[in-house]
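One line per chain: the protein sequences are U and B, in this order.
Just so you know, we're using numbering that gives the first Met the number 0 here: the first sequence kicks off at 0 and counts up by one.
Just so you know, we're using numbering that gives the first Met the number 0 here: the second sequence kicks off at 0 and counts up by one.
Working notes, beginning with the structure itself.
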Amino acid sequence: MTYIKPAFRHPDAQKNSIGFYRKDYEGALSTLCAGCGHDSISSAIIQACFELAIEPHKIAKLSGIGCSSKTPAYYLGQSHGFNTVHGRMPSVATGAYLANRDLKYIGVSGDGDSASIGMGQFVHAIRRNLNVVYIIMNNGCYGLTKGQDSATADAGSMSRKGAPNPFEAIDMPSLALELGATFVGRSFSGDKAQLIPMIKAALSHPGFALLDVISPCVTFNNNKGSTKSYDYTREHIEATGTIDFVPIEQEITVDYKEGSSKEIALHDGSIIELSKLANGFDPTDKLSSILKMHEARTKGQILTGLMYIDPDTKGLHDLLQTSDTPLNTMGADVLNPGQAALAKINSEFR
Amino acid sequence: MSVRINDFVIRFANVNGTGSASANNMFAKSIFRMGVPVSPKNIFPSNIQGLPTWYEVRVSEKGYMGRREGIDLMVAVNPQSFTKDVASIKPGGYLLYDSTKPLYDDRRQDITYIGVPMTALCLANYEVPRLQQLFKNIVYVGALSKLLDIEVKVFEDIFAEQFAGKEKLIAPNLQAIELGRKYIEDHYDFPLNIRVSRRDLVRDSILVDGNTACGLGAVYGGATVAAWYPITPSTSLMDAFDKYASKLRIDAEGKKNYAIVQMEDELASMGVVLGASWNGARSFTATSGPGISLMSEFIGLSYFAEVPGVVVDVQRGGPSTGMPTRTQQSDILLAAYASHGDTKHILLFPSTPKECFDMMADSFDLAERLQTMIFMMTDLDLGMNDHMSPPFDWNDSREYDRGKVLNVRQLEEVKSWGRYRDPDGDGIPYRTLPGTHPTKGAYFTRGTSRDEDAKYTEESAPYVRNMQRLQVKWETAKTMVPKPEIVRNEAGVSEAIIYFGTTAWAAQESLDILEDQGINLNAMRVKAFPFGNEVVEFLANHDTVYVIEQNRDAQFKTLLVNELGEDPAKFISVLNYDGFPITADFVSQTIQARKLATVGNI
Numbered sequence: 000m001t002y003i004k005p006a007f008r009h010p011d012a013q014k015n016s017i018g019f020y021r022k023d024y025e026g027a028l029s030t031l032c033a034g035c036g037h038d039s040i041s042s043a044i045i046q047a048c049f050e051l052a053i054e055p056h057k058i059a060k061l062s063g064i065g066c067s068s069k070t071p072a073y074y075l076g077q078s079h080g081f082n083t084v085h086g087r088m089p090s091v092a093t094g095a096y097l098a099n100r101d102l103k104y105i106g107v108s109g110d111g112d113s114a115s116i117g118m119g120q121f122v123h124a125i126r127r128n129l130n131v132v133y134i135i136m137n138n139g140c141y142g143l144t145k146g147q148d149s150a151t152a153d154a155g156s157m158s159r160k161g162a163p164n165p166f167e168a169i170d171m172p173s174l175a176l177e178l179g180a181t182f183v184g185r186s187f188s189g190d191k192a193q194l195i196p197m198i199k200a201a202l203s204h205p206g207f208a209l210l211d212v213i214s215p216c217v218t219f220n221n222n223k224g225s226t227k228s229y230d231y232t233r234e235h236i237e238a239t240g241t242i243d244f245v246p247i248e249q250e251i252t253v254d255y256k257e258g259s260s261k262e263i264a265l266h267d268g269s270i271i272e273l274s275k276l277a278n279g280f281d282p283t284d285k286l287s288s289i290l291k292m293h294e295a296r297t298k299g300q301i302l303t304g305l306m307y308i309d310p311d312t313k314g315l316h317d318l319l320q321t322s323d324t325p326l327n328t329m330g331a332d333v334l335n336p337g338q339a340a341l342a343k344i345n346s347e348f349r
Numbered sequence: 000m001s002v003r004i005n006d007f008v009i010r011f012a013n014v015n016g017t018g019s020a021s022a023n024n025m026f027a028k029s030i031f032r033m034g035v036p037v038s039p040k041n042i043f044p045s046n047i048q049g050l051p052t053w054y055e056v057r058v059s060e061k062g063y064m065g066r067r068e069g070i071d072l073m074v075a076v077n078p079q080s081f082t083k084d085v086a087s088i089k090p091g092g093y094l095l096y097d098s099t100k101p102l103y104d105d106r107r108q109d110i111t112y113i114g115v116p117m118t119a120l121c122l123a124n125y126e127v128p129r130l131q132q133l134f135k136n137i138v139y140v141g142a143l144s145k146l147l148d149i150e151v152k153v154f155e156d157i158f159a160e161q162f163a164g165k166e167k168l169i170a171p172n173l174q175a176i177e178l179g180r181k182y183i184e185d186h187y188d189f190p191l192n193i194r195v196s197r198r199d200l201v202r203d204s205i206l207v208d209g210n211t212a213c214g215l216g217a218v219y220g221g222a223t224v225a226a227w228y229p230i231t232p233s234t235s236l237m238d239a240f241d242k243y244a245s246k247l248r249i250d251a252e253g254k255k256n257y258a259i260v261q262m263e264d265e266l267a268s269m270g271v272v273l274g275a276s277w278n279g280a281r282s283f284t285a286t287s288g289p290g291i292s293l294m295s296e297f298i299g300l301s302y303f304a305e306v307p308g309v310v311v312d313v314q315r316g317g318p319s320t321g322m323p324t325r326t327q328q329s330d331i332l333l334a335a336y337a338s339h340g341d342t343k344h345i346l347l348f349p350s351t352p353k354e355c356f357d358m359m360a361d362s363f364d365l366a367e368r369l370q371t372m373i374f375m376m377t378d379l380d381l382g383m384n385d386h387m388s389p390p391f392d393w394n395d396s397r398e399y400d401r402g403k404v405l406n407v408r409q410l411e412e413v414k415s416w417g418r419y420r421d422p423d424g425d426g427i428p429y430r431t432l433p434g435t436h437p438t439k440g441a442y443f444t445r446g447t448s449r450d451e452d453a454k455y456t457e458e459s460a461p462y463v464r465n466m467q468r469l470q471v472k473w474e475t476a477k478t479m480v481p482k483p484e485i486v487r488n489e490a491g492v493s494e495a496i497i498y499f500g501t502t503a504w505a506a507q508e509s510l511d512i513l514e515d516q517g518i519n520l521n522a523m524r525v526k527a528f529p530f531g532n533e534v535v536e537f538l539a540n541h542d543t544v545y546v547i548e549q550n551r552d553a554q555f556k557t558l559l560v561n562e563l564g565e566d567p568a569k570f571i572s573v574l575n576y577d578g579f580p581i582t583a584d585f586v587s588q589t590i591q592a593r594k595l596a597t598v599g600n601i
């Protein structure tokens, strides 16, 4: 393979509604293993942002440590990125969001980064309904340290070395839902038709949006007996339905059969279109979501798609009742109470 | 005993959680309002209710604000600690106690017992049980005011201010003061040989604690994002920030021009600080030693990725959980070199509430100018005790120094830019903020090695260049941090003392004590690390330097030796680490003993 990224742009390439090409959302060349699921997710992020026509500099991307957390270098090259420390992306994202509520935040993590070392921060970011699209690139193993089982590896799943994992897996979407997450979805890196609209919907959600994306590790966890391999995932996948995302300015053109579809209007006027919904499943009803997730797990299925959404939720800034103006734009004229106020305060200490 | 005016120590022994703190504070304030310098210290347990707690007030006409050993008057109203409390009174001193129930007969003969039936007086005069308890405290303040000759008008003023809007509370409080005064009038000689006399010595000073000053300094310094995790003794700092911001930082729609988040731990608090600062907000956290230990990984990221931030370390007794409600200066080395790899950080050492305010506000300028973590090194003594201090002031024309941040126009104009280049030669690169420009200035902040343009690299040369540039920045920092205060620098004096932070009061007083004994020393108060030229020169001009600090391991001395390559033999440590603020007697006696030993060796 080549290590030089071509500057070439196809002459027929289309601009999006604000005049950017897809290329403007790309990043540096990936240094992950060929065939890594993470690269597909990166590509889906690029496509989703391009299609949503977000100005690239109005997005900030943050990550922890691990293979997944390297990926922000590979997309959105015109967005600022912050590769933080292991398991601590949620707190850095919290600070970033508090400083500037006007940007979109994509937080990228892995199963080791979120389900083990970073579990505390993951849990509390959900509690605060931090406005971030939280993507877990979930491959069930620690890739950068050569394939140890992670906390999302299923019990009995075989590592490449042939040893079955003795411990129960932590299911991040179930956990998130229990904790009160207001947007919970799972997808598969090999299913872009589903993943791209899910990312778009998550980016429009005014609170914490979890996307747990099964992303096979081709080097350490794609073997026979692994429950996070491409083959196993494809064989056991079960979607909650199909998903389409309709941004605010687009006309709805697709008709779905009545009874099997659902439209969810988001706060900004865009719409999530769900069709072929599983029988009796309603992703805006938490109880229905919990039942569906447990049912899939009992059957040994990997449930994907939008699992739960509360479109009317309030994000962190609204919960804290902070100003509508981003805090990082305020100068001394706004922030400093001045000498007169200080003289009054002094008098209270005499 | 001869009459001593405005020069004594009084200690209150109370039960934690009985409302004694506000009565004791009022007592200290009443002396302050008499124009006489006071230094109150709260000696409290790690407990909310039930355990013994003490409050100590030093009254000093000469303005000595350090702690002084030896209790002249003990207000002992806690049966749990009564025996020990009585034993701790200096011979010739006084005991004020609740005489509702009789005492045992084995009385000390060398002190004066003053019994006031506080409980009985309150039971007879107040009906509500809660008030009967609370007013006991006010009754002893009243008794003290008579015994010590404090004007009753002072209390009338204090109550009028304290209960503005709740005026019906004034009368019962004043009644309690009067109950105490009347009982003394009827039963004892007054005033005592120790007493207060009105002076005009406090002038425009204020009486305030360092945590309040730091919280207020953060408001004035433009902090907008604060993250924290509760830990003694730093908690009241964030309370103060919240208190003032909620009054002074509300926009026209009633929304907040600041955000405070109580995080799940100290790691997360520091994560918020870095995230917010990276994104262009001024951000800080407040903690104590255990929190710094937890934050260390992020502190290293701040150093290496060059993300600004401010952390206040209100130091307490260590190691481990240590003595959480006692004071020490034992995080010096931890803070100076926090995190793995080659790291070092800027420390500021305020000594007074005024300096807490000023340095806190300045620390945001420094952090953004130097793009690194700034440590405000206070301690429990400074943070939680009231100190007499010059008033806070602010220059309304002052702008915030946001450091080298490229805006849209500058990004348009610059031909090329790299996040970690050093175009000015001072080691400080130019940074950009997310969301500034559609096509220019984006980069990937990381804790891994990278080249001058923020591109990941594992090449040795750019890694080494970057580490060297950070060293250049460190040299620049030496010129930007507060310079030391050269307190005394007489020609021909070859010995000196060095101190910092809360050792200042004891050190300054000890200079006078030693001078009276014919020992003349020069003195320097260090205000920041890294040490600038002024520190180096002062050391060079002295053969023997006593380093006064409040930890066991002579951490500050280690820093001097390590960073300046000074001969360790030149330094003599004066170390107090028992959890109580260091005293002038301890300093002067340690230095005297050392000098005697040296003479003996000759």
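We treat Cβ as the ideally placed atom computed from N, Cα and C, and that holds for glycine.
Predicted, not measured: the structure shown is a model, and the values here were computed from it.
Partners in chain U for residue i, counting only beta-carbon separations shorter than 8 angstroms
i	result
H436 of chain B	H56
I602 of chain B	Residue 602 of chain B is absent from the structure shown; chain B starts at 0 and stops at 601.
L247 of chain B	P336 and A340
Y219 of chain B	N335, P336 and L341
Cross-chain neighbours of residue i in chain U, by beta carbon under 9 angstroms
i	result
Y498 of chain B	Those within 9 angstroms of Y498 of chain B in chain U number zero; the least Cβ separation is about 26 angstroms.
Three-state class that DSSP yields for residue i in the structure shown
i	result
N256 of chain B	coil
L143 of chain U	coil
S572 of chain B	strand
I352 of chain U	What the structure shows of chain U is the stretch from 0 to 349, and residue 352 of chain U is not part of that stretch, so it cannot be assessed.
Y139 of chain B	helix
R449 of chain B	strand
K343 of chain B	coil
T211 of chain B	helix
S587 of chain B	helix
E457 of chain B	coil
N137 of chain U	strand
D105 of chain B	coil
8 angstroms contact criterion, which residue i and residue j should meet: CB distance rounded
i	j	result
P349 of chain B	M375 of chain B	7 angstroms
G16 of chain B	L133 of chain B	The pair is not a contact, with the Cβ atoms about 12 angstroms apart (cut-off 8 angstroms).
A441 of chain B	H79 of chain U	5 angstroms
Residue i CB to nearest heavy atom of the ligand NAD below 7 angstroms
i	result
P318 of chain B	The ligand NAD is not part of this structure, which contains no ligands at all.
Option nearest residue i by Cα separation, candidates the options
i	options	result
H33 of chain U	U:F219, U:N345 and U:P282	Just to set this straight, residue 33 of chain U is Ala in the shown sequence, not His. Ranking the options by Cα distance to A33 of chain U, first place goes to U:F219.
R126 of chain U	B:Q261, B:Y125 and B:S233	B:Q261
Q314 of chain B	B:S301, B:L332, B:F297 and B:E305	B:L332
R397 of chain B	B:I497, B:I496 and B:D357	B:D357
V610 of chain B	B:V311, B:V272 and B:T431	Given a span of 0 to 601 for chain B in the structure shown, any question on residue 610 of chain B remains unanswerable.
V14 of chain B	B:P39, B:V74, B:S29 and B:D6	B:V74
R87 of chain U	U:S173, U:A124, U:Y141 and U:E54	U:A124
Contacts that residue i makes with chain B (C-beta to C-beta distance below 9 angstroms)
i	result
V245 of chain U	Near V245 of chain U there are no residues of chain B at all, since even the closest Cβ is about 26 angstroms away, more than 9 angstroms.
D323 of chain U	D250, E252 and K254
T312 of chain U	Result: empty, since nearest Cβ-Cβ is about 18 angstroms, beyond 9 angstroms.
Within chain B, partners of residue i - CB distance below 8 angstroms
i	result
F121 of chain U	Here the premise fails: no neighbours, minimum Cβ distance about 10 angstroms.
Proximal residues of chain U, C-beta to C-beta of residue i below 7 angstroms
i	result
N465 of chain B	Neighbours of N465 of chain B on chain U: none; closest Cβ ~16 angstroms, over 7 angstroms.
R445 of chain B	N82
M25 of chain B	The contacting residues do not exist; M25 of chain B stays about 14 angstroms from chain U at best.
Within chain B, partners of residue i - CB distance below 7 angstroms
i	result
M136 of chain U	Result: empty, since nearest Cβ-Cβ is about 17 angstroms, beyond 7 angstroms.
The region 282-304 of chain B: positions lying closer than 7 angstroms to chain U by Cβ:
S282, E296, F297 and L300
Quick one: which residues of the region 398-421 of chain B get their C-beta closer than 7 angstroms to a C-beta of chain U? List them in chain order.
E398 and Y399
According to a CB-to-CB cut-off of less than 8 angstroms, which residues of the region 359-391 of chain B neighbour chain U?
P390 and F391
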